[in-house]
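Position 142, counted from 1, in the sequence shown is what my numbering calls 142; the numbers after and before it change by one each time, with no gaps. Please read the structure below before turning to the comments.
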Amino acid sequence: MPRPQKLTAACLMALMTPAFAQFSGRNALEHTRMLVSFGPRPPGSAGMKKAQAYIVKHLKEQGWQVREDDFTARTPAGPMAMKNIIAMRAGTSGKAVAITGHYDTKIFAFPFVGANDGGSSAGFLLEMARALKDVRLKNTVYLVFFDGEEAVREWTAEDSLYGSRRLAAQWQKDRTLSTLTALINVDMIGDRDLRILREQYSSDSLMRLIWSVARQLGLSQHFSGPALAIEDDHVPFLRLGVRAANLIDFDYGPDHSWWHTKEDTLDKLSPDSFEVAGRVLVEVLKRLDE
1 MPRPQKLTAA CLMALMTPAF AQFSGRNALE HTRMLVSFGP RPPGSAGMKK
51 AQAYIVKHLK EQGWQVREDD FTARTPAGPM AMKNIIAMRA GTSGKAVAIT
101 GHYDTKIFAF PFVGANDGGS SAGFLLEMAR ALKDVRLKNT VYLVFFDGEE
151 AVREWTAEDS LYGSRRLAAQ WQKDRTLSTL TALINVDMIG DRDLRILREQ
201 YSSDSLMRLI WSVARQLGLS QHFSGPALAI EDDHVPFLRL GVRAANLIDF
251 DYGPDHSWWH TKEDTLDKLS PDSFEVAGRV LVEVLKRLDE
């Protein structure tokens with residue numbers, strides 16, 4: 001008969017803490033590689049339809065409840081078919097957190113594959129779905145893939161953020177917003193020289209938590225970008241009173257020269273960068289669940 005062991009409070013807490021799978025930067029990069037293989041992925045395109053099928057299939061395989069929200073956006077180029085993909089794992093606390101990102105690519109005359117801008121955020125969310133697969137958090141968790149983040153022509157308040165503006169309005173109407181304790185958007189986080197900036201529209205309390213976690217994990221060097229205000233998919237939620245943050249590296253290539261060009265390709269990305277962002281956000285989810 002084994003000798004009985006006395007369980008300390010620390011041991012009991014460890015047993016009660018949800019077991020998170022290790023977030024894999026390599027998995028996230030491989031998902032991004034698959035999405036890039038579909039070619040340009042602007043709304044309604046053949047590449048986008050392949051991406052949507054791939055995303056939905058993976059989320060369902062990982063046991064998430066998936067809602068596909070098809071809608072028609074009014075754009076300067078006319079009506080355009082778009083689709084938000086919302087994955088959900090229900091908790092018991094009555095509160096919720098959302099990790100979001102866009103999966104569309106901007107329309108250009110050249111074949112723009114958006115490995116980092118549109119690809120990395122979607123690849124990241126797909127790996128997050130696996131990492132959280134068997135975790136039972138108290139908070140409900142949403143993983144949201146936004147369509148239509150990019151401007152169809154030139155960025156304005158009306159020509160941008162189509163998917164996030166739609167979901168923010170829907171969640172305000174059905175009162176999901178009142179349950180959200182935090183929304184964290186990721187964008188362009190695959191850059192091999194990762195330096196996430198201190199985005200200035202973001203909620204200060206949430207940014208302090210994220211930066212504190214990065215420091216405790218020894219990853220502060222990757223959260224050392226400049227302070228800069230970036231309009232992104234978190235903004236429609238901020239405007240409705242949600243505590244939200246945007247994690248983005250907006251210094252992509254020499255003098256930001258790879259952004260929105262044919263140079264935004266897979267060879268510019270690193271699995272290590274995905275893993276940095278993943279490790280930090282997994283720990284942030286734990287803290288938000290306390």
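Beta carbons are placed, not taken as given, at the ideal position from N, Cα and C, and that holds for glycine.
Item: Bridge partners - residue 102, DSSP secondary structure assignment; Value: 146
Item: Simplified DSSP state of residue 71, which is helix, strand or coil; Value: strand
Item: Cβ neighbours of residue 34 in the same chain (closer than 7 Å, five flanking residues each side left out); Value: 54
Item: Where the alpha helix (DSSP H) containing residue 173 begins and where it ends; Value: 162-173
Item: Cβ-based burial, residue 155 [other Cβ within 10 Å; buried from 16]; Value: exposed
Item: C-beta contact flag for residue 188 and residue 198 at 8 Å; Value: no
Item: Closest by C-alpha distance to residue 89, when choosing among 63, 181, 71 and 102; Value: 63
Item: N- and C-terminal bounds of the beta strand (DSSP E) containing residue 246; Value: 244-248
Item: Inter-residue spacing [alpha-carbon to alpha-carbon] between residue 261 and residue 120; Value: 15 Å
Item: Meets three-Cβ-pair contact criterion under 8 Å: the segment 78-85 and the segment 141-150; Value: yes
Item: Whether residue 271 touches residue 114 by CB criterion (8 Å); Value: no
Item: C-alpha distance - residue 174 paired with residue 167, whole-angstrom precision; Value: 10 Å
Item: Residue span of the alpha helix (DSSP H) that contains residue 32, given as start and end; Value: 25-37
Item: Residue 283 - DSSP class collapsed to helix/strand/coil; Value: helix
Item: Expected contact under 8 Å - CB spacing of residue 264 and residue 195 to nearest Å; Value: Wrong, their Cβ atoms sit about 17 Å apart, outside the cutoff.
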